[in-house]
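Asks: Mind having a look at this structure? Questions to follow.
There are 2 protein chains.
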Amino acid sequence: MRLSGLFGERHRHGSAGADCASHDLLIRAGYIRQHAAGIYSYLTPGLRALRRLESIVREEMNATGAQEILMPIVQSADPWKATGRYTTIDATLVRLKDRRGHEMVLGMTHEEIVAQLAAGEIRSYRDADVVVYQIQTKFRDEARPRAGLLRTREFLMKDAYSLHVHEAGLDEAYRTQLDAYGRIFARAGLRDVHTVRSATGDMGGSSAHEVVALLDVGEDTIGFCAACGDAVNTEVLHGAGECDRCGGALDRKRAVEVGNTFKLGRRYGEALGAGIVDAGGVRHALLMGSYGIGVSRLLGTLVEQHHDEHGITLPATAAPFDGHLIAVGAGNADMGSRVHEAYGSLVRAGLDVLFDDRDVRAGEKFADADLIGAPLRITFGARSATDGTVEIRERRSGEVHDIAREDVVPAVLRLKQRLLQRGA
Amino acid sequence: MRLSGLFGERHRHGSAGADCASHDLLIRAGYIRQHAAGIYSYLTPGLRALRRLESIVREEMNATGAQEILMPIVQSADPWKATGRYTTIDATLVRLKDRRGHEMVLGMTHEEIVAQLAAGEIRSYRDADVVVYQIQTKFRDEARPRAGLLRTREFLMKDAYSLHVHEAGLDEAYRTQLDAYGRIFARAGLRDVHTVRSATGDMGGSSAHEVVALLDVGEDTIGFCAACGDAVNTEVLHGAGECDRCGGALDRKRAVEVGNTFKLGRRYGEALGAGIVDAGGVRHALLMGSYGIGVSRLLGTLVEQHHDEHGITLPATAAPFDGHLIAVGAGNADMGSRVHEAYGSLVRAGLDVLFDDRDVRAGEKFADADLIGAPLRITFGARSATDGTVEIRERRSGEVHDIAREDVVPAVLRLKQRLLQRGA
Chain A
1 MRLSGLFGER HRHGSAGADC ASHDLLIRAG YIRQHAAGIY SYLTPGLRAL RRLESIVREE
61 MNATGAQEIL MPIVQSADPW KATGRYTTID ATLVRLKDRR GHEMVLGMTH EEIVAQLAAG
121 EIRSYRDADV VVYQIQTKFR DEARPRAGLL RTREFLMKDA YSLHVHEAGL DEAYRTQLDA
181 YGRIFARAGL RDVHTVRSAT GDMGGSSAHE VVALLDVGED TIGFCAACGD AVNTEVLHGA
241 GECDRCGGAL DRKRAVEVGN TFKLGRRYGE ALGAGIVDAG GVRHALLMGS YGIGVSRLLG
301 TLVEQHHDEH GITLPATAAP FDGHLIAVGA GNADMGSRVH EAYGSLVRAG LDVLFDDRDV
361 RAGEKFADAD LIGAPLRITF GARSATDGTV EIRERRSGEV HDIAREDVVP AVLRLKQRLL
421 QRGA
Chain B
1001 MRLSGLFGER HRHGSAGADC ASHDLLIRAG YIRQHAAGIY SYLTPGLRAL RRLESIVREE
1061 MNATGAQEIL MPIVQSADPW KATGRYTTID ATLVRLKDRR GHEMVLGMTH EEIVAQLAAG
1121 EIRSYRDADV VVYQIQTKFR DEARPRAGLL RTREFLMKDA YSLHVHEAGL DEAYRTQLDA
1181 YGRIFARAGL RDVHTVRSAT GDMGGSSAHE VVALLDVGED TIGFCAACGD AVNTEVLHGA
1241 GECDRCGGAL DRKRAVEVGN TFKLGRRYGE ALGAGIVDAG GVRHALLMGS YGIGVSRLLG
1301 TLVEQHHDEH GITLPATAAP FDGHLIAVGA GNADMGSRVH EAYGSLVRAG LDVLFDDRDV
1361 RAGEKFADAD LIGAPLRITF GARSATDGTV EIRERRSGEV HDIAREDVVP AVLRLKQRLL
1421 QRGA
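Residue numbers (our numbering), protein chains in the order written: chain A, 1 to 424; chain B, 1001 to 1424.
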């Protein structure tokens, strides 16, 4: 992609109203634009980063045997009334009437819809122990959207649901999904990740966990017990100050919740008439688990962890581009044509390269490259015109590689591979 | 994917309430499930088909130089008030209030949001002549949802917007987008496609076209003039019965609108303060075009055109699986293990294969294969146990290929490639 045609400006100065570093940088680098409180548009770089994270989530979910489906955003209120959540959930659940006067809601999560689907599709234990998931835009009318992508009203979520007849099946799916979360967050390059016990909240059920990334800007407080090693979202403690397992003192840290898992029990199956006949011919209400990952929040969290004073330094797995190609002092027509040739070769090699083809000062080009944060900056400069050397600079480490012009494509492929392997 | 674990039943008998063949078959084959009037869930086969169409759309849009972005579903009513459409559009536009009492709408199209974005990002003619697009779930509260995916309330749409300062730029983008539509619908395997003049409707602007597929189940009536060769949506004629260009007699046919294009003029730019300074320093209101494709409607239309009495016969480009693997008379343990080996080899070769690993009658397996409609059925039958011959049957033509067991993978790859090249 050529920078001259990229829709969306970069900003040199801080974003008005931005209340954390990732919020500021995502706007300045042209990743996102605010439409209303907690509602954003994703411009090309932001959408590309989001899609890379979405691909990691999809690959790891598919590897667990989960099946991707797609459920409605606008839903009938009826199943929400059946489970009682139409009444118990506050204004976060958006209620509206359609043109015929039917009560509808905007999907903030899909337990009701999955249970309703399962009632029609799953009859016997032979069909049980399946996991379905979707990656979809959700809406929650949060009272206090804040911190850019960390707490929005409209957001991209992976929500998975496991369907069982017996507890053993749920236990196994629960472990499998938590294991997949570990792989997803590791591949995405998330740091300081912990799985902690959490409250079941609106979901109900017997047990719940959060996967969190430690960050001062986060809204959750995690308590780590030095005595028994337990980690817990302090919400669970209802204001008490010690470990609820052993009474030990807790070390408290702020964190962002990036994923959650719930053992929901049979509540949704009971309310929505979803039943399964076991091997002995006995009918049970459907037993469910649900498993969420906030994909857009993950992007915000990653930028919060991966940036410096010059801009975004996302890991290669999540960055919107593999490389950022620049020519400086390109008044020389010969060098101009060499850069264009290199761009063509990089694209043909399957690399996603942002090519700064603008006629602007070198300083502006370097500043934009740092801000957008492609992991490799490829510069055709003065030496390229004389001895044919091209500079490849790693965005995060600052490490510089001088490469002969004819070796640029293999060098970028090799460095990209190295960054992906290192998770950097 | 193994059929034993596939979420969603197939139905042998017609679907209650289905009002056309595609509606009936998409439900019977386990592609979709109705949630409410005009609102569907996509089960795995349906979502896979939708994603294949989405990929075709994305590739061809990117090839035109268009940039993918993602705009909000829940939108502030303010820009809709600025253009007047908050008042002029009927109940199809869903209006709601958020928890703070702000008036919001559900995105049914995004001209307002694009113009608002452009006001912040595009200042000079150097930034103009760009096309942005998204592939996103939209909601229109249609008075009469019908015919399965042909007219829904919630649907997947590709909506593109071109941004210009001069008419010449719009004219060129308009031609480029219509050319891309031709390639998209050809690759998808859509038949009897025509580009016709249409009414500008709610959009406003100077000129509009629809891309339609001729089908009796369609809601549009297209008039073809034998005298001057023009083709027009008869809406344009306001009840008059002859060609409005030459007065000739019209041959009328029913059709489904799968795409539309609008030259919108400067209305949205004016209303939302989006202005561009031209090369001479003169400021103009942003000139826009918009270009839609109903991706989920395209799936419904394709099934309407591609089915037989046994089920769905989608072209290989749109079918949810490349092949459907079956063993019959698999009591023989030796053959069972060979089928599993073949499944592993097909998957490792990068093929999307649905493997019917259930212990059910051969007739049920064949019926499900025909219903779901993978373009190639791969059968390990009696001859496979004796002389090692595997049967590959093309779903649409019924052509049968007897293949030596060890050649199954290359044969499937070759036949898949042939079908893709033929657009079959």
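All residues carry an ideal CB built from backbone N, CA and C; glycine is no exception.
Against chain A, with Cβ distances strictly below 8 Å, would B/M1288 count as a contact?
Replies: no
Asks: Where B/E1111 and B/I1089 are concerned, what is the direct C-alpha to C-alpha distance, given to the nearest angstrom?
Replies: 14 Å
Asks: Answer with yes or no whether the minimum CB distance from B/L1272 to chain A is below 8 Å.
Replies: Answer no: the Cβ-Cβ gap between B/L1272 and chain A never drops below 8 Å.
Asks: Please state whether DSSP places B/A1249 in a helix, a strand or coil.
Replies: strand
Asks: So for B/G1363, helix, strand or coil by DSSP?
Replies: In this structure, B/G1363 counts as helix in the three-state DSSP scheme.
Asks: Hey, would you say B/A1128 sits closer than 8 Å to B/V1165, going by beta carbons?
Replies: B/A1128 places its beta carbon less than 8 Å from that of B/V1165.
Asks: Excluding the 5 residues preceding and the 5 following A/R245 in the sequence, name in chain order all residues of the same chain whose CB lies nearer than 6 Å to its CB.
Replies: C228, D230
Asks: Out of B/V1193, B/H1209, B/D1192, B/H1194, which one is the CA nearest neighbour of B/T1200?
Replies: It is B/H1209.
Asks: Would you list, in chain order, the members of the region 34-46 of chain A that have their beta-carbon closer than 9 Å to a beta-carbon of chain B?
Replies: Cβ contacts with chain B: H35, A36, A37, I39, Y40, S41, Y42, L43, T44, G46.
Asks: Look up A/G323 in the DSSP assignment and say whether it is helix, strand or coil.
Replies: strand
Asks: Using a Cβ-Cβ cut-off of 7 Å (strictly less than) and excluding sequence neighbours within five positions of A/L419, which residues of its own chain qualify?
Replies: A316, P375
Asks: Contact check, B/A1118 vs B/L1163 under 8 Å by CB: the rounded distance?
Replies: 5 Å
Asks: Going by C-alpha distance, which of B/A1342, B/G1275, B/L1299 is nearest B/R1052?
Replies: B/L1299
Asks: Name the chain A residues whose beta carbon is nearer than 8 Å to that of B/P1145?
Replies: In chain order: nothing, as chain A lies at least about 11 Å away.
Asks: Only counting the same chain, and skipping five residues up and downstream in sequence, which positions put a Cβ closer than 7 Å to that of A/L91?
Replies: First, the residue type needs correcting, since residue 91 of chain A is Ala and not Leu in the sequence shown. Cβ within range, chain order: D141.
Asks: Hey, how far is the Cα of A/G293 from the Cα of A/V132?
Replies: A small correction: the amino acid at residue 293 of chain A is Ile; Gly does not occupy that position in the sequence shown. About 14 Å.
Asks: Is the CB-CB distance between B/C1020 and B/G1182 below 8 Å?
Replies: Not in contact: B/C1020 and B/G1182 (Cβ atoms no closer than 8 Å).
Asks: Spatial neighbours of B/R1033 within its chain, please: CB distance less than 6 Å, with the 5 preceding and 5 following residues excluded, ordered by chain position.
Replies: S1041
Asks: Out of A/A226, A/R252, A/I56, which one is the CA nearest neighbour of A/T234?
Replies: A/R252
Asks: Which residue's Cα is closest to the Cα of B/R1254: B/D1220, B/I1326, B/L1093?
Replies: B/D1220
Asks: Buried or exposed for A/G265, going by 16 or more other Cβ atoms inside 10 Å?
Replies: buried
Asks: In or out: A/H307 buried (at least 16 other Cβ within 10 Å) or exposed?
Replies: buried
Asks: When you compare only the Cα positions, how much space is there between B/Y1291 and A/R422?
Replies: 42 Å
Asks: Here's a check: name, in chain order, each residue in its chain whose Cβ is nearer than 8 Å to the Cβ of B/Q1067, leaving out the five neighbours to either side.
Replies: V1130, V1131, V1132, Y1133
Asks: Going along the chain, which unbroken runs of the beta strand (DSSP E) with 3 or more residues stay wholly within the region 1061-1113 of chain B?
Replies: When DSSP assignments are scanned along the region 1061-1113 of chain B, the uninterrupted stretches of beta strand (DSSP E) that are 3 or more residues long and fall wholly within it turn out to be 1074-1076, 1095-1097, 1103-1106.
Asks: In or out: B/E1406 buried (at least 16 other Cβ within 10 Å) or exposed?
Replies: exposed
Asks: Quick check on DSSP: helix, strand or coil for A/G292?
Replies: strand
Asks: Compare the Cα-Cα distances from A/L70 to each of B/L1272, B/M1061, B/G1030 and report the closest residue.
Replies: B/G1030
Asks: Does A/S162 come out as helix, strand or coil in the three-state DSSP assignment?
Replies: strand
Asks: To which residues does DSSP link B/V1256 through a beta bridge?
Replies: As computed with DSSP, B/V1256 is found in a beta bridge with B/A1213.
Asks: Taking buried to mean at least 16 other C-beta atoms within 10 Å of its own C-beta, is B/S1097 buried or exposed?
Replies: Checking the sequence, you will find Lys at residue 1097 of chain B rather than Ser. Classification of B/K1097: exposed, given that the 10 Å Cβ count is below 16.
Asks: So B/G1008 contacts chain A; which residues on that side make the cut at Cβ distance below 7 Å?
Replies: E121
Asks: For A/I326, tell me which candidate among A/P320, A/D370, A/G14, A/G281 has the shortest Cα-Cα distance.
Replies: A/D370
Asks: List, in order along the chain, the chain A residues whose C-beta lies closer than 7 Å to that of B/V1353?
Replies: Listed along the chain, the chain A residues whose CB falls inside 7 Å of the CB of B/V1353 amount to none; the nearest CB is some 14 Å away.
Asks: Unbroken beta strand (DSSP E) runs of length 3 or more, entirely within the region 113-174 of chain A: which are they?
Replies: 130-139, 154-164
Asks: Quick one: which chain A residues come within Cβ less than 9 Å of B/Q1075?
Replies: Simply H35, A36, I39.
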